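Note that numbering that gives the first Met the number 0 has the sequence shown beginning at 0, numbered continuously upward. The next block holds one structure in the form of structure tokens; read it before the comments.
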Amino acid sequence: MTKMQNKVQSFLGDPDFPKVAIDSSREGKIFLYQDLFSKYSRLEFTHGQDRPVAMAGIERRLVESFGVRGGFGILDDDDEMPGLLRRSLLWCRARTTPRLKKVNFEGANSLKQIVSPPPTWSWMAYEGAINYLKVVNGAVDWNTEGVHSPWSSSPKCTWSYSGDESNGALEMKVVAWECDSQAMKLEKDENIINLDDPERADEPSPTWKC
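Structure representation (structure tokens):
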């Protein structure tokens with residue numbers, strides 16, 4: 000753990016960013032970019048609409064240096080080894096954050112006229128701190144059919160960003176599973192359910208989609 004923390008500090012202060020991450024193992028790369036995005040999500044901006052724009056330069060360097068595809072806080076290299084896209088999507092509300100609030104890209108201070116807002120499956124579309132679900136390397140059998148990447152036909156190093164509307168809105172196709180919300184509540188285990196907005200937990204709905 001100490002060694003990994005030292006690598007995190009080296010990564011954040013890397014004068015030749017992101018060389019430290021490039022020289023790391025695949026699992027090391029994932030740990031480092033997740034830590035970076037988690038820290039970034041805790042920054043407070045005057046306008047929430049600035050969230051994806053401020054991250055653009057760093058994200059582009061990561062996409063190009065890793066030789067992957069992605070954008071809006073999501074990375075994808077599923078042609079080689081399924082898992083990176085799914086690991087990127089496993090973000091959730093940090094326990095220290097009361098709720099994740101969806102950013103209004105249509106307000107008076109919105110940049111919508113010059114940028115495209117992040118898709119709803121991106122954490123950049125929300126205000127609030129995030130963390131990532133912990134996954135043991137090699138211990139998960141990823142569903143390769145349940146998630147269809149918006150970059151599935153794009154070449155490596157393709158980067159989607161807020162200022163690019165050439166390809167229209169990014170669409171991700173996924174299989175949604177029904178979960179019995181009442182049965183899950185009976186577990187009374189905070190680690191089982193982590194809603195973006197806990198205040199909506201009591202809304203009448205027999206099933207949730209996940």
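Even glycine gets a Cβ: it sits at the ideal position worked out from N, Cα and C. Note that this is a predicted model, so its numbers are computed, not measured.
Which of helix, strand or coil DSSP assigns to residue i
{"i": "Lys-208", "result": "strand"}
{"i": "Glu-170", "result": "coil"}
{"i": "Gly-70", "result": "strand"}
{"i": "Glu-58", "result": "helix"}
{"i": "Asp-195", "result": "coil"}
{"i": "Asp-76", "result": "coil"}
{"i": "Trp-122", "result": "helix"}
{"i": "Val-52", "result": "helix"}
{"i": "Arg-86", "result": "helix"}
{"i": "Val-102", "result": "coil"}
{"i": "Glu-177", "result": "strand"}
{"i": "Arg-41", "result": "coil"}
{"i": "Arg-94", "result": "coil"}
{"i": "Tyr-160", "result": "coil"}
{"i": "Val-135", "result": "coil"}
Cβ-based burial, residue i [other Cβ within 10 Å; buried from 16]
{"i": "Leu-132", "result": "exposed"}
{"i": "Asn-193", "result": "exposed"}
{"i": "Lys-28", "result": "buried"}
{"i": "Lys-187", "result": "In this predicted model, Lys-187 has a pLDDT of only 48, less than 50, meaning its place in the structure is not dependable; the value taken from the coordinates is given anyway. Classification of Lys-187: exposed, given that the 10 Å Cβ count is below 16."}
{"i": "Gly-137", "result": "exposed"}
{"i": "Arg-92", "result": "buried"}
{"i": "Trp-90", "result": "buried"}
{"i": "Arg-199", "result": "exposed"}
{"i": "Arg-86", "result": "buried"}
{"i": "Ser-142", "result": "According to the sequence provided, residue 142 is Asn. The question's Ser does not apply to it. When all chains shown are included, Asn-142 counts as exposed."}
Rounded separation between residue i and residue j - CA only
{"i": "Pro-149", "j": "Pro-117", "result": "13 Å"}
{"i": "Val-174", "j": "Asp-140", "result": "16 Å"}
{"i": "Phe-104", "j": "Arg-59", "result": "22 Å"}
{"i": "Glu-144", "j": "Gly-82", "result": "12 Å"}
{"i": "Tyr-128", "j": "Val-19", "result": "Here residue 128 turns out to be Ala, not Tyr, going by the sequence shown. So the two alpha carbons sit approximately 25 Å from each other."}
{"i": "Pro-51", "j": "Phe-30", "result": "21 Å"}
{"i": "Gln-33", "j": "Lys-172", "result": "23 Å"}
{"i": "Val-146", "j": "Leu-84", "result": "9 Å"}
{"i": "Thr-157", "j": "Val-62", "result": "7 Å"}
{"i": "Val-102", "j": "Arg-41", "result": "14 Å"}
{"i": "Phe-65", "j": "Ser-159", "result": "15 Å"}
{"i": "Ser-16", "j": "Ala-55", "result": "Residue identity check: residue 16 is Phe in the sequence provided, not Ser. Rounded to the nearest angstrom, the two C-alpha atoms are 14 Å apart."}
{"i": "Ile-21", "j": "Val-67", "result": "12 Å"}
{"i": "Glu-43", "j": "Leu-74", "result": "23 Å"}
{"i": "Glu-126", "j": "Phe-36", "result": "13 Å"}
{"i": "Ser-115", "j": "Gly-47", "result": "14 Å"}
{"i": "Lys-38", "j": "Asp-195", "result": "18 Å"}
{"i": "Lys-208", "j": "Ser-152", "result": "27 Å"}
{"i": "Leu-99", "j": "Met-123", "result": "11 Å"}
{"i": "Ser-121", "j": "Asp-179", "result": "25 Å"}
{"i": "Pro-97", "j": "Pro-197", "result": "8 Å"}
{"i": "Glu-170", "j": "Asp-76", "result": "17 Å"}
{"i": "Ala-53", "j": "Thr-45", "result": "12 Å"}
{"i": "Val-135", "j": "Glu-26", "result": "10 Å"}
{"i": "Leu-88", "j": "Trp-176", "result": "16 Å"}
{"i": "Asn-130", "j": "Thr-95", "result": "10 Å"}
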